[in-house]
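Per my numbering, the sequence shown starts with residue 339, numbered consecutively. The structure appears right after this line, and notes come after that.
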Amino acid sequence: MTRATHTHTQHGGRYAELNQFDGGGALEGQKLVAYRDLDKDVTSATTLDDWRQHWRPIAADDCTVCLGTGRDSIKGNKRQPCGGCYGLGKVRKDGETPQDMWQLAQVAQGIIQRQQKGIDQRDQVLAYPEVREALHERNKRRQQAGPEDWVQREQDWRAGDGRGHGGKRHTGD
339 MTRATHTHTQ
349 HGGRYAELNQ
359 FDGGGALEGQ
369 KLVAYRDLDK
379 DVTSATTLDD
389 WRQHWRPIAA
399 DDCTVCLGTG
409 RDSIKGNKRQ
419 PCGGCYGLGK
429 VRKDGETPQD
439 MWQLAQVAQG
449 IIQRQQKGID
459 QRDQVLAYPE
469 VREALHERNK
479 RRQQAGPEDW
489 VQREQDWRAG
499 DGRGHGGKRH
509 TGD
């Protein structure tokens with residue numbers, strides 16, 4: 339049986355990347371990716387750009403039940419947490435499901451440490467005066483531009499005549 343290497347970012351599922359090759363005919367000059375949908379047992383191909391945009395690799399510590407989503411994929415109830423990783427989307431470094439609360443705490447600590455590392459990297463970039471100035475200029479341009487066109491139309495509609503209290507429209511909020 340082929341091992342899943344990727345999952346779709348929006349729809350989930352188990353996919354195995356088979357190979358990459360150059361396209362021909364109408365797809366001349368494009369790089370294509372052949373992959374196999376392991377759930378439906380179907381082989382297909384897509385462009386490399388589409389592959390990179392819509393599929394993500396499965397990490398070694400992603401839960402094998404939910405493939406890192408943290409949601410119940412067996413019963414299809416997306417509101418319930420996965421039973422394999424208790425909703426974290428990650429398992430122990432050896433790929434095994436946490437057996438007790440201490441092992442679960444170690445998995446959660448690893449997630450927190452990775453997030454903290456990302457926050458620290460972002461803060462380092464934001465420390466540069468050029469980056470802060472560029473963000474300040476962007477925010478100033480947004481404020482000067484005023485509300486978006488659809489926002490102005492919505493505000494005008496809400497302020498218009500209607501059948502609600504005081505002649506205003508009932509908007510439900």
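Positions of the beta carbon are idealized from the N, C-alpha and C atoms, including for glycine.
Would you call the CB atoms of residue i and residue j closer than 8 Å?
i	j	result
Thr347	Arg394	yes
Leu405	Thr345	yes
Gly351	Asp379	no
Name the two residues that bound the continuous beta strand (DSSP E) containing residue i.
i	result
Lys416	Looking at the DSSP string, Lys416 is not in any beta strand (DSSP E), and its letter there is neither H nor E.
Gln358	Gly350 to Asp360
Ala383	Val380 to Thr385
Val428	Val is not the amino acid found at residue 428; the sequence shown has Lys there. Premise fails: Lys428 is in no beta strand (DSSP E) and is neither H nor E.
Arg374	Lys369 to Asp375
What is the rounded straight-line gap between the Cα of residue i and the Cα of residue j?
i	j	result
Asp388	Gly500	47 Å
Leu370	Met439	44 Å
Ser382	Asp399	27 Å
Leu464	Arg479	19 Å
Gly367	Thr384	14 Å
Leu442	Gly456	22 Å
Ile412	Val403	8 Å
Gln459	Ala397	21 Å
Gln444	Glu468	39 Å
If you compare alpha carbons, which of the options is closest to residue i?
i	options	result
Lys416	His349, Thr345 and Asp487	His349
Thr407	Gly484, Thr384, Leu426 and Gly361	Leu426
Arg374	Thr384, Gln451, Leu356 and Asp360	Leu356
In terms of residue numbering, what span does the alpha helix (DSSP H) encompassing residue i cover?
i	result
Asp487	Asp487 to Ala497
Ala446	Met439 to Leu464
Val469	Pro467 to Ala483
Going along the chain, which residues of its own chain have a beta-carbon closer than 7 Å to the beta-carbon of residue i, five neighbours each way excluded?
i	result
Cys401	Cys420, Gly422, Cys423, Gly427, Lys428 and Val429
Ala446	Leu426
Going by beta carbon distance, what residues of the same chain come within less than 8 Å of residue i, once the five residues before and after it are set aside?
i	result
Gln358	Lys369, Leu370, Val371, Ala372 and Leu386
Please work out which residues of its chain come closer than 6 Å, Cβ to Cβ, to residue i, disregarding the five sequence neighbours upstream and downstream, and give them in chain order.
i	result
Gln418	Asp410
Gly362	none
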